[in-house]
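K.L.:
Take this structure first; my questions come after.
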Amino acid sequence: MPLARMPSRLAWAVLNLLQLAFTLIFTAGGIVYCLVLLAITRDPDRLLRMGGWMWSPVLFRGAGAQVIVEGRERVDWSKNYLFVSNHQSVIDICALFYALPVPLRFLLKDEMLKVPFVNWFARGTGMLFLDRDSRRAGAMVRRQAAALLREGKQLCLFPEGTRSRSGALLPFKAGLLQAAIDAGVPVVPVALDGCGKVLPVEGMFRVRPGIIRVRIGDPIPVTGPDAPDRQQLTEQAHAAVAAMLQPRI
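Its first residue numbered 1, the sequence shown is counted upward by one per residue in the UniProt record's numbering.
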């Protein structure tokens, strides 16, 4: 390693350590505030909206990241949808909170139940959890997701099932998209580009400044004479996300 590079690497390491400390303190403090607010207002949607206008912008500014949102005009935000997005980084949820102007709930892996503060916020706001080691969990979560959508709530899934380490789009798992068909709710594809460069999967909180683009696609109807079955819906959603991830000229 050239000696000239060592100060730069040390500076990045110190900066990332400070960013991590700020993120943890700010997030934990924000969650405590939200839980107190929830106890007073009994309005979890208000807390979820705060994720978009308070929590996410502060964290992105601290990371030196600029978020550009495209395609909001394609969606009638007075209706509810099942959003499906590619998954690049732990900051994907932050980007989606910022980009989608609705109280957004997520399907999270059940490991998040072990994370203090995050666990409390997720439970208090009605997030769903999936035990990926249980064969029966998929059917149960699908019913929960359909019930949530029938109530008029907004839900987001990462149908790849895991974060892409290379950034390339992985195949979508079809099972949970059945919830949209069961509830009769359109599916909105969303493409995240740049999250994996700002905060890569590899490494310990190795944040770098960059541009994150959130592209929102056209809603895919699940009712009517031309309504797709589960596999067709999955293929259409995957193709839409893949197209939005293509380089723009």
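For glycine and all other residues, C-beta sits at the position ideal for the given N, C-alpha and C.
1. Please check the pair P225 and Q236, which I expect to be a contact at CB under 8 Å, by giving their CB distance rounded to whole angstroms.
2. Just to confirm, are V241 and A180 a CB contact at a threshold of 8 Å?
3. Could you check if E160 is buried or exposed, using at least 16 other CB atoms within 10 Å of its CB as the buried criterion?
4. Alpha carbon to alpha carbon, how far is P200 from L35? Give it in angstroms, no decimals.
5. List, from N- to C-terminal side, the alpha helix (DSSP H) runs of 4 residues or more that fit wholly inside the region 182-223.
6. Specify, as a first and last residue, the run of the alpha helix (DSSP H) that A146 falls within.
7. Comparing alpha-carbon positions, which option in V185, V32, I212 lies nearest D76?
8. Using the Cβ count rule (16 or more neighbours within 10 Å means buried), how would you classify Q246?
9. Quick check on the burial criterion: 16 or more other C-beta atoms within 10 angstroms. Buried or exposed for D133?
10. Keeping to the same chain, check which residues put their C-beta closer than 7 Å to that of R163; ignore five residues upstream and five downstream.
11. Would you report the Cα separation of A147 and T125, rounded to the nearest angstrom?
12. When the Cα atoms are used, what is the spatial distance from A139 to F83?
13. By the three-class DSSP mapping on this structure, what secondary structure does A65 have?
14. Report, in whole angstroms, the separation of the C-beta atoms of I220 and V187, which I expect to be a contact under 8 Å.
15. Which whole-angstrom value is the C-beta distance of C156 and L108, which I expect to be below 8 Å?
16. Candidates I212, R215, V207: which alpha carbon is nearest N16's?
17. Distance, Cα to Cα, P57 vs Y98?
18. Does DSSP put Q88 in a helix, in a strand, or in coil?
19. Does R42 come out as helix, strand or coil in the three-state DSSP assignment?
20. Under a three-way DSSP split, which group does L3 fall into?
21. Between S85 and L96, is the Cβ-Cβ spacing less than 8 Å?
22. Closer than 8 Å, CB to CB, is R206 near chain B or not?
23. In terms of residue numbering, what span does the beta strand (DSSP E) encompassing R105 cover?
P.N.:
Result, derived from the coordinates:
1. No, P225 and Q236 are not in contact; Cβ-Cβ is about 16 Å, not under 8 Å.
2. no
3. buried
4. Straight-line Cα distance between these residues: approximately 30 Å.
5. 195-198
6. 137-150
7. V185
8. Exposed, because fewer than 16 other Cβ atoms sit within 10 Å of the Cβ of Q246.
9. exposed
10. Correct list, in chain order: H87, Q88, S89, V201.
11. 15 Å
12. 19 Å
13. strand
14. Correct: roughly 5 Å between the Cβ atoms.
15. Not really, about 10 Å apart at Cβ, beyond 8 Å.
16. V207
17. 7 Å
18. coil
19. coil
20. Reliability of the predicted coordinates at L3 is poor, the pLDDT of 40 falling under 50, and no value is obtained from them.
21. At a Cβ-Cβ threshold of 8 Å, S85 and L96 count as neighbours.
22. In the displayed structure, chain B is absent; only one protein chain is listed.
23. 104-109 is the extent of the beta strand (DSSP E) around R105.
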